[in-house]
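Novice: Take this structure, written in structure tokens, and hold onto it; I'll ask about it next.
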Amino acid sequence: MGLRTAETDGARSVLAALALLLGLQLLGTLLVDLTHLPVPGAVVGLVVLLGVGARFPRFARRAEPAGEPLLKHLQLLFVPPGVGALTQLSTLVQHAGPLALAVVGSFATGLVVAGLVLQRLLRRRGTA
11 MGLRTAETDG
21 ARSVLAALAL
31 LLGLQLLGTL
41 LVDLTHLPVP
51 GAVVGLVVLL
61 GVGARFPRFA
71 RRAEPAGEPL
81 LKHLQLLFVP
91 PGVGALTQLS
101 TLVQHAGPLA
111 LAVVGSFATG
121 LVVAGLVLQR
131 LLRRRGTA
């Protein structure tokens with residue numbers, strides 16, 4: 011029987027949060043395999059976390075001990091895709107036009123949607 015300290019409780023909560031995130035990733039992968047969605051399983055798992063967490067906030071808070079350190083070092087997670095993009099630089103240059111159009115188009119779409127959502131929320135509060 012081990013000693014319980016704040017340190018072991020913290021480690022236990024981080025491990026439980028990692029298990030939750032990995033379980034949701036597995037669930038997302040299973041859903042993608044069953045439904046043949048053209049979306050990565052990890053994304054589906056995060057959408058499940060968002061949906062369940064919106065309904066049951068205590069559930070989402072259980073993922074925080076693992077999520078906070080990941081978000082602190084988020085920039086490190088962009089290194090592998092960046093290296094991969096550099097290895098395919100000639101392909102990216104060949105398709106620069108469509109890629110630029112996709113980036114600008116998705117940015118503009120996101121900006122418009124965010125603006126519309128903000129307007130609707132402000133109207134509900136009666137401040138717009």
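Counting in the numbering used here, the sequence shown runs from 11 upward without gaps. Glycine included, C-beta positions come from ideal geometry on N, C-alpha and C.
Can you tell me whether G38 is buried or exposed, with buried defined as 16 or more other CB within 10 angstroms of its CB?
Specialist: G38 comes out buried.
Novice: Under the three-state reduction of DSSP, which class applies to R133: helix, strand or coil?
Specialist: R133: helix per DSSP, three-state reduction.
Novice: Find the nearest neighbour of R72 within the set R135, G20, L128 and R133, judged by alpha-carbon distance.
Specialist: Among R135, G20, L128 and R133, the Cα nearest to that of R72 belongs to G20.
Novice: Within the chosen definition, does the region 95 to 102 reach the region 36 to 54 through at least 3 CB pairs nearer than 8 Å?
Specialist: No, the region 95 to 102 is not in contact with the region 36 to 54.
Novice: Quick check on the burial criterion: 16 or more other C-beta atoms within 10 angstroms. Buried or exposed for Q104?
Specialist: By the 10 Å Cβ count, Q104 comes out exposed.
Novice: Please report the straight-line C-alpha distance between F141 and L80, rounded to a whole angstrom.
Specialist: A question about residue 141 goes unanswered here, because the residues of the chain that appear run from 11 up to 138.
Novice: Would you mind giving the Cβ-Cβ distance between L34 and L59, rounded to the nearest angstrom? I have them listed as a contact below 8 Å.
Specialist: Right, their Cβ atoms sit about 5 Å apart.
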